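A.B. asks: My questions all concern the structure below.
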Amino acid sequence: MQIVEIPDVNNKVHAVNTAKIIMFYPRLSGRTVVELENGRHLITIVPYEELLRMIKTPE
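As numbered in numbering that gives the first Met the number 0, residues 0 to 58 make up the sequence shown, in order.
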């Protein structure tokens with residue numbers, strides 16, 4: 000379990016528990032969609048590869 004800070008498209012930062020992430024996938028627009036356990040979707044400006052790196056390696 001890890002908490003990562005993910006900025007959304009409005010530059011608001013969300014603290015997300017990685018255990019609550021069901022999946023995330025890239026969009027053609029360069030944005031990444033993060034689907035959370037509660038059914039919410041967080042659209043972020045963080046590229047898919049960078050988000051993957053953030054989740055795999057704790058800071």
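Quick reminder that beta carbons are idealized off the backbone N, C-alpha and C, glycines included.
The structure presented is a predicted model; accordingly, all values stated were derived computationally and were not measured.
Helix, strand or coil: which one does DSSP assign to Ile44?
C.D. replies: Note: Ile44 maps to coil in three-state DSSP.
A.B. asks: Restricting to Cα atoms, I'd like to know which of Leu27, Thr17, Leu41 is closest to Val8.
C.D. replies: Nearest of Leu27, Thr17, Leu41 to Val8, Cα basis: Leu41.
A.B. asks: Which same chain residues end up closer than 6 Å to Ala14 when comparing Cβ atoms and leaving out the 5 residues on each side of it in sequence?
C.D. replies: The residues are Ile2, Glu4.
A.B. asks: Bridge partners for Asn16 per DSSP, in chain order?
C.D. replies: DSSP, once it has assigned bridges, lists Ile2 as partnering Asn16.
A.B. asks: Expressed to the nearest angstrom, what Euclidean distance is found between the alpha-carbon atoms of Phe23 and Lys11?
C.D. replies: Spanning the two alpha carbons is a distance of roughly 18 Å.
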